[in-house]
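Number of protein chains: 2
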Amino acid sequence: MSLFALPRDQKPPELDDKEKLAWLRLIRTDNVGPITFYNLMETYQTATAALEALPKLSKRGGRLKDITLFSEQDALKEIDTVEKHGAEMVFAAEAAYPLSLAATEDAPPVLTVLGNKKLLNLPTIGMVGARNASLNGRKFAEKIARDLGAENFMVASGLARGIDAAAHTGALPTGTIAAVAGGIDNIYPPENAELYEQIKFEGCIVAESPFGMEPLARHFPKRNRIISGLSSGVVVVEATLKSGSLITARLAAEQGRDVYAVPGHPFDPRAAGPNKLLQDGAGLVLSADDIIRNTQSFAIHNLTLNEAPQPSWNPQILDDFEAEDIREIILQNISHTAVTVDELVRNCQLTIPAVQMVLLELELAGRIQRLAGNRIVLIN
Amino acid sequence: MSLFALPRDQKPPELDDKEKLAWLRLIRTDNVGPITFYNLMETYQTATAALEALPKLSKRGGRLKDITLFSEQDALKEIDTVEKHGAEMVFAAEAAYPLSLAATEDAPPVLTVLGNKKLLNLPTIGMVGARNASLNGRKFAEKIARDLGAENFMVASGLARGIDAAAHTGALPTGTIAAVAGGIDNIYPPENAELYEQIKFEGCIVAESPFGMEPLARHFPKRNRIISGLSSGVVVVEATLKSGSLITARLAAEQGRDVYAVPGHPFDPRAAGPNKLLQDGAGLVLSADDIIRNTQSFAIHNLTLNEAPQPSWNPQILDDFEAEDIREIILQNISHTAVTVDELVRNCQLTIPAVQMVLLELELAGRIQRLAGNRIVLIN
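Here it is in structure tokens:
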């Protein structure tokens, strides 16, 4: 990820059309998530070179069938469709990419963006909460969003029912960002179609999923990390204890963002989530000022990516025999219970660069999965 | 106050009937509040000796008419009436006096007690809140009180409408303490007469005001400091921003007690008080366990009065000429705006013992008033 860790006063690496195409093909290829993407970029410097290395890496990781790269034709078609829709693709190495999001470990390498992309680099507060929010919850969210807007904050949310829709509505006159779970063209829920059109013209919509993708359950937590990643802080308005909003709050905290919560009566199940967050140290929000006062002192607006945590990724390109030996040792030491890469390195008495390279291969082969907190788990 | 600062394993000073009578006469005399009472006791060792000194002290402080001491006859009559009511008087130097309350700076030197006085030395949580509480607020208060009782905590409150009544009701089966603003015999509000009778038989009622006294507005803040003084922590359930409950919370914090608050929606004016307290660092209460968990680590149960803050009271008995000179200087340096005694000592370049003695005289003469935080203000 340090490839993208450039202060904005330095010129970001130029991506020509060929390399952009390679970026898109790499991130759209099965088993390549954002962290693997950045690891590959560290190793091979360009997406073009990483794409070439993929078949061998995945085969050595133990993949039986050849890996199917996302085709150039499909990538060209996606870019074309996106443009016809009036949207565009923004790459993590470009100046237009939101700096605050780029500072997160697993930022989407490519975002599809519809609307005014300049809003993505303005000070932003995320607002999330229950889809079946109470009338008071929605009124409060709309008011807070309006007041934040009046103080020049963008408001980011997820275009869902309830709190999300109220937050977007309140911030619409001053600027709002919707992160959607499916493709940029997929309006979900359909009842928010009018809001989608308004945000498209007056705000900005972003999507990590490919154009045309229907949102699946697993896309929502990924979408949530984009909302918090765009924001210096996230406000949870109403949420039950088991809700996605609490996951967003946790992701926000892990990203080093402020977490705020709106209190409610202990008998109100929709207050259980925010109240729990307050007990755990979230900032208590009675008015937008409670957020603004705290955010003024937060340096996210001046954050350079150099200040983002740097994963210690320094892979070693191994020959087949070395890789085989190390893979055996690693496979004996991992299981369906997650372990951290650090524990693995200690237990196996191997060098970090060698372990990293073999893990990358196993990941591409679909045999392990990366979890948050630099942990891995065996799959299948 | 150090007179009463004895660990409970040391024998408290014996008070014979004559000295008890003198205590009662001293505290019932005009212009003698608890702090003045303890200052006088420090200087004269016994209430009998302090009573004898009062006329001269108050005259020297500038009182034109002779001070009227509370008569022996009236004191005997009050003791007799209290006993006929089935109550008794408990003095701050006695083992039965609540230790937690005695640790406060301005503990009532005499409490009238009705019911089971043993409850006064058990671990106690105070609960306060709005008189016009919501149904949910009352239900929550009753539940928390019941759950605290089940975990062997006494619940102290003020026998008012709303939250107070709900807290007493919830804790009735396990033990509850009502601190009333008027005399021990004065049931206010009258609608709580049945609750009063129940607490009398199953709990304990305490009063600082003399028997027969109707509660006046100024008695309520005094009553509130008794609720918090009896408690290791105080829970505010529903309260507007300008309510007496917030004053109780402030007093509790000043007494070194924990402050807890029950959250509510920002649109609910009765949640404004607790929400403000939460922003200021109060503990957030969703269940009795949120209080108990915190209180287990609190040492109030083992508190000895020696650990209570000791006011630095070391008065100097002055001759008339010295007193006259010092009084002039002090009167030039005080006004209707409060100053701290420390500031006064610095500005006047006088010794602390001399200033303390002259302030005591001025107070007895009704020319100054003591405020919280060791401050004084000119009156009339």
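Protein chains in written order, with the working numbering: chain A, 1071 to 1450; chain Y, 1071 to 1450. All C-beta atoms in this analysis are idealised placements derived from N, C-alpha and C, irrespective of residue type, glycine included. Keep in mind that this is a model prediction, so the values were computed, not measured.
query: Contact with chain A by Pro1339 of chain Y, beta-carbon distance below 8 Å; result: no
query: 8 Å CB neighbourhood of Arg1295 of chain Y in its chain, flanking five on each side removed; result: Thr1174, Asp1176, Thr1318, Leu1321, Gln1325
query: Cα-Cα separation between Ser1315 of chain A and Lys1188 of chain Y, rounded to whole angstroms; result: 49 Å
query: Simplified DSSP assignment, three categories, for Thr1174 of chain A; result: coil
query: Chain-ordered residues of the segment 1317-1340 of chain A with a beta carbon less than 8 Å from chain Y; result: Val1332, Pro1333, Gly1334, His1335, Pro1336, Phe1337, Asp1338
query: Interface partners of Leu1354 of chain Y on chain A, CB under 7 Å; result: Asn1345, Leu1348, Gln1349
query: Rounded C-alpha distance that separates Asn1376 of chain Y from Ala1145 of chain Y; result: With a pLDDT of only 38 at Asn1376 of chain Y, under 50, the local geometry of the prediction cannot be trusted, and the value read off the model is given with reservation. Taking the straight line from one Cα to the other gives about 31 Å.
query: Cβ neighbours of Gln1386 of chain A in the same chain (closer than 8 Å, five flanking residues each side left out); result: Thr1421, Pro1423, Ala1424, Gln1426, Met1427
query: Burial state of Ser1382 of chain Y (16 or more Cβ within 10 Å); result: Residue placement at Ser1382 of chain Y is flagged as unreliable, the pLDDT there being 48, under the threshold of 50; a coordinate-derived value is accordingly withheld.
query: Selection from Y:Leu1401, Y:Ala1331, Y:Thr1365, Y:His1335 that minimises the alpha carbon distance to Gln1349 of chain A; result: Y:Ala1331
query: Chain Y contact for Asn1206 of chain A (CB, 8 Å cutoff); result: yes
query: Strand pairing of Cys1274 of chain Y, partner residues [DSSP]; result: Y:Gly1185, Y:Ile1247
query: Pick from A:Gln1402, A:Ser1279, A:Ala1236, A:Ile1449 that is closest to Asn1256 of chain A, judged by C-alpha positions; result: A:Ser1279
query: Proximity of Glu1164 of chain Y and Leu1085 of chain Y at Cβ, strictly below 8 Å; result: yes
query: Straight-line gap, Leu1229 of chain A to Arg1216 of chain A (C-alpha atoms, nearest Å); result: 16 Å
query: Cut-off 7 Å between Cβ atoms - residues of its own chain near Gly1323 of chain Y, not counting five sequence neighbours on either side; result: The residue asked about is misnamed: residue 1323 of chain Y is Ala in this sequence, not Gly. Val1329.
query: N-terminal and C-terminal residue of the alpha helix (DSSP H) that Met1427 of chain Y is part of; result: 1422-1434
query: Where Tyr1114 of chain Y falls: helix, strand or coil (DSSP); result: helix
query: Residue-chain proximity (Leu1210 of chain A, chain Y), Cβ-Cβ < 8 Å; result: With the sequence shown as reference, residue 1210 of chain A is identified as Phe, and Leu is not the correct amino acid for it. True, the Cβ-Cβ gap to chain Y drops below 8 Å.
query: Chain Y within 8 Å of Ile1370 of chain A, Cβ atoms only; result: Residue confidence for Ile1370 of chain A is low, a pLDDT of 46 falling below 50, so the modelled location carries little weight; the figure read from the coordinates is stated next. Judged by the 8 Å Cβ criterion, Ile1370 of chain A is not in contact with chain Y.
query: Leu1375 of chain A - DSSP class collapsed to helix/strand/coil; result: Summary for Leu1375 of chain A: the model assigns pLDDT 41, below 50, so the residue's position carries little reliability; its value from the coordinates is reported in the next sentence. Note: Leu1375 of chain A maps to helix in three-state DSSP.
query: Asp1035 of chain A, DSSP secondary structure in three states; result: Given that chain A is displayed from residue 1071 to residue 1450, the structure contains no residue 1035 of chain A and the question cannot be resolved.
query: Minimum length 3: unbroken beta strand (DSSP E) runs contained in the segment 1302-1346 of chain Y; result: 1303-1306, 1328-1331
query: Endpoints, the beta strand (DSSP E) within which Thr1138 of chain Y is located; result: That residue, Thr1138 of chain Y, is in no beta strand (DSSP E); it is neither H nor E in DSSP.
query: Where the alpha helix (DSSP H) through Phe1161 of chain A begins and ends; result: Looking at the DSSP string, Phe1161 of chain A is not in any alpha helix (DSSP H); the run it does join, the beta strand (DSSP E), is 1158-1161.
query: Nearest-angstrom Cα separation, counted from Thr1310 of chain Y out to Asn1262 of chain A; result: 38 Å
query: Reduced DSSP category for Arg1397 of chain A - H, G, I as helix; E, B as strand; rest coil; result: helix
query: Backbone secondary structure at Ala1226 of chain A - three-state DSSP; result: strand
query: Residues that Met1197 of chain Y bridges to, as DSSP identifies them; result: Y:Val1305
query: Buried or exposed by the 16-neighbour rule on C-beta atoms within 10 Å, applied to Leu1124 of chain A; result: buried
query: Nearest residue (CA-CA) to Ile1105 of chain Y, options Y:Gly1252, Y:Arg1440, Y:Asn1417, Y:His1155; result: Y:Arg1440
query: Per DSSP, cross-strand counterpart(s) of Gly1353 of chain Y; result: Y:Tyr1330
query: Whole-angstrom distance between Ser1302 of chain A and Arg1327 of chain A, CA atom to CA atom; result: 5 Å
query: Same chain, Cβ closer than 6 Å to Asn1450 of chain A, neighbours up to 5 away in sequence not counted; result: none
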